[in-house]
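What follows is a single structure, written as C-alpha coordinates, with notes after it.
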Amino acid sequence: MSTINPINNPEDNPRVKVVFDEIRQLRGTDYINNLWRYLAMDADLLENVWTDVRDLMATETLLDFKTKEMVYLAVSIANACQYCVHSHTAAAKARGMTDPEHAEFLRIVMTAGKTNHLLNAMQVPVDNIFDAEQVL
(Lines of atoms letter the chains of each structure in order from A and count residues from 1; the text may use other names and numbers.)
(Lines give C-alpha, C1' and ligand atoms only; values in the text may rest on other atoms or scores of the structure.)
Protein backbone atom coordinates (compact mmCIF):
# COMPACT_ATOMS: atom_id res chain seq x y z
CA MET A 1 0.00 0.00 0.00
CA SER A 2 1.32 3.43 -0.91
CA THR A 3 2.24 5.95 1.76
CA ILE A 4 0.78 8.77 -0.35
CA ASN A 5 -2.12 9.18 -2.71
CA PRO A 6 -1.47 10.28 -6.26
CA ILE A 7 -3.01 13.62 -7.10
CA ASN A 8 -5.96 13.83 -9.44
CA ASN A 9 -5.20 15.44 -12.80
CA PRO A 10 -1.47 15.99 -12.20
CA GLU A 11 -1.06 17.56 -15.64
CA ASP A 12 -3.12 20.54 -14.52
CA ASN A 13 0.25 21.68 -13.20
CA PRO A 14 2.15 22.96 -16.27
CA ARG A 15 5.51 21.85 -14.85
CA VAL A 16 4.23 18.30 -14.42
CA LYS A 17 2.77 18.35 -17.92
CA VAL A 18 6.16 19.33 -19.38
CA VAL A 19 7.84 16.37 -17.65
CA PHE A 20 5.08 13.93 -18.61
CA ASP A 21 5.20 15.13 -22.23
CA GLU A 22 8.96 14.63 -22.29
CA ILE A 23 8.58 11.11 -20.88
CA ARG A 24 5.96 10.31 -23.52
CA GLN A 25 8.12 11.70 -26.33
CA LEU A 26 11.31 9.99 -25.17
CA ARG A 27 9.66 6.61 -24.64
CA GLY A 28 7.35 6.79 -27.65
CA THR A 29 4.25 5.96 -25.62
CA ASP A 30 1.37 7.73 -23.93
CA TYR A 31 1.85 5.58 -20.82
CA ILE A 32 3.14 7.34 -17.69
CA ASN A 33 4.06 4.81 -15.05
CA ASN A 34 3.25 5.11 -11.37
CA LEU A 35 6.65 6.36 -10.26
CA TRP A 36 6.14 9.59 -12.18
CA ARG A 37 2.45 9.85 -11.29
CA TYR A 38 3.23 9.63 -7.59
CA LEU A 39 6.21 12.01 -7.80
CA ALA A 40 3.88 14.53 -9.45
CA MET A 41 2.66 15.43 -5.96
CA ASP A 42 5.65 17.82 -5.94
CA ALA A 43 6.80 19.37 -9.22
CA ASP A 44 10.32 20.08 -7.90
CA LEU A 45 10.79 16.48 -6.83
CA LEU A 46 9.38 15.18 -10.11
CA GLU A 47 11.63 17.43 -12.19
CA ASN A 48 14.75 16.60 -10.18
CA VAL A 49 14.26 12.84 -10.28
CA TRP A 50 13.27 12.87 -13.97
CA THR A 51 16.33 14.95 -14.88
CA ASP A 52 18.65 12.53 -13.07
CA VAL A 53 17.02 9.46 -14.62
CA ARG A 54 16.80 10.97 -18.10
CA ASP A 55 20.36 12.26 -18.15
CA LEU A 56 21.85 8.96 -17.03
CA MET A 57 19.49 6.20 -18.14
CA ALA A 58 17.97 7.63 -21.33
CA THR A 59 21.00 9.41 -22.73
CA GLU A 60 24.00 7.86 -24.46
CA THR A 61 26.87 7.66 -22.00
CA LEU A 62 29.95 5.48 -21.67
CA LEU A 63 27.87 2.41 -20.75
CA ASP A 64 25.40 0.92 -23.19
CA PHE A 65 21.69 1.04 -22.34
CA LYS A 66 21.33 -2.68 -21.56
CA THR A 67 24.28 -2.61 -19.16
CA LYS A 68 22.90 0.46 -17.39
CA GLU A 69 19.54 -1.27 -16.93
CA MET A 70 21.24 -4.40 -15.59
CA VAL A 71 23.28 -2.34 -13.11
CA TYR A 72 20.11 -0.52 -12.03
CA LEU A 73 18.42 -3.90 -11.64
CA ALA A 74 21.26 -5.23 -9.48
CA VAL A 75 21.05 -2.21 -7.18
CA SER A 76 17.26 -2.55 -7.05
CA ILE A 77 17.60 -6.19 -5.99
CA ALA A 78 20.17 -5.24 -3.33
CA ASN A 79 17.85 -2.51 -2.04
CA ALA A 80 14.79 -4.80 -2.18
CA CYS A 81 12.83 -2.35 -4.34
CA GLN A 82 10.07 -4.50 -5.83
CA TYR A 83 8.88 -1.71 -8.13
CA CYS A 84 12.33 -1.11 -9.60
CA VAL A 85 13.08 -4.83 -9.93
CA HIS A 86 10.01 -5.19 -12.13
CA SER A 87 10.57 -1.95 -14.02
CA HIS A 88 14.26 -2.50 -14.77
CA THR A 89 13.89 -6.19 -15.58
CA ALA A 90 11.37 -5.14 -18.24
CA ALA A 91 13.66 -2.32 -19.39
CA ALA A 92 16.73 -4.60 -19.59
CA LYS A 93 14.74 -7.11 -21.63
CA ALA A 94 13.51 -4.32 -23.90
CA ARG A 95 17.15 -3.28 -24.33
CA GLY A 96 18.08 -6.80 -25.41
CA MET A 97 18.78 -8.82 -22.26
CA THR A 98 18.15 -12.46 -23.21
CA ASP A 99 16.86 -15.16 -20.89
CA PRO A 100 20.33 -16.79 -20.68
CA GLU A 101 21.87 -13.37 -19.87
CA HIS A 102 19.19 -12.81 -17.22
CA ALA A 103 19.98 -16.19 -15.65
CA GLU A 104 23.71 -15.44 -15.60
CA PHE A 105 23.00 -11.98 -14.20
CA LEU A 106 20.95 -13.54 -11.37
CA ARG A 107 23.81 -15.96 -10.62
CA ILE A 108 26.19 -12.99 -10.36
CA VAL A 109 23.78 -11.13 -8.05
CA MET A 110 23.42 -14.26 -5.90
CA THR A 111 27.17 -14.83 -5.70
CA ALA A 112 27.91 -11.18 -4.94
CA GLY A 113 25.24 -11.16 -2.22
CA LYS A 114 26.66 -14.30 -0.65
CA THR A 115 30.25 -13.06 -0.59
CA ASN A 116 29.14 -9.57 0.55
CA HIS A 117 27.31 -11.10 3.52
CA LEU A 118 30.29 -13.29 4.40
CA LEU A 119 32.76 -10.42 4.22
CA ASN A 120 30.47 -8.15 6.24
CA ALA A 121 30.09 -10.86 8.88
CA MET A 122 33.83 -11.56 9.07
CA GLN A 123 34.96 -7.91 8.65
CA VAL A 124 37.91 -9.03 6.51
CA PRO A 125 40.41 -6.18 6.09
CA VAL A 126 40.66 -4.75 2.58
CA ASP A 127 43.85 -5.71 0.74
CA ASN A 128 46.19 -2.75 0.26
CA ILE A 129 46.60 -3.62 -3.41
CA PHE A 130 42.93 -2.68 -3.97
CA ASP A 131 43.64 0.94 -3.02
CA ALA A 132 43.66 3.26 -6.04
CA GLU A 133 47.26 4.30 -5.40
CA GLN A 134 48.42 0.68 -5.45
CA VAL A 135 46.53 -0.29 -8.61
CA LEU A 136 47.97 2.57 -10.68
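Residue numbers (my numbering): 247 to 382.
Backbone N, C-alpha and C define an ideal beta-carbon position, used for all residues, glycine too.
Please read these numbers as outputs of a predicted model, since none were measured by experiment.
Just the C-alpha distance for residue i and residue j, rounded to the nearest angstrom, thanks.
{"i": "T313", "j": "A324", "result": "17 Å"}
{"i": "E293", "j": "M368", "result": "42 Å"}
{"i": "P260", "j": "A286", "result": "11 Å"}
{"i": "R291", "j": "D258", "result": "Reading the sequence as shown, one finds Leu at residue 291 and not Arg. Looking at the two C-alpha atoms, the distance is approximately 16 Å."}
{"i": "L365", "j": "L308", "result": "31 Å"}
{"i": "V299", "j": "T361", "result": "30 Å"}
{"i": "E379", "j": "A358", "result": "25 Å"}
{"i": "D310", "j": "Y277", "result": "24 Å"}
{"i": "D377", "j": "H348", "result": "31 Å"}
{"i": "N255", "j": "N279", "result": "14 Å"}
Residue i and residue j look like a contact to me (Cβ under 8 Å); what is the Cβ gap, rounded to whole Å?
{"i": "E315", "j": "R341", "result": "5 Å"}
{"i": "Y329", "j": "L281", "result": "7 Å"}
{"i": "W296", "j": "V265", "result": "5 Å"}
{"i": "L203", "j": "A338", "result": "Shown here, the chain extends from 247 to 382; a query on residue 203 therefore has no answer."}
{"i": "V262", "j": "A289", "result": "6 Å"}
(request) Ignoring anything shorter than 4 residues or poking outside the region 265–303, list the alpha helix (DSSP H) runs there in chain order. (result) 280–285, 289–303
(message) Just to confirm the assignment: which complete alpha helix (DSSP H) runs, minimum length 4, are found wholly within the region 330–371?
(response) 345–368
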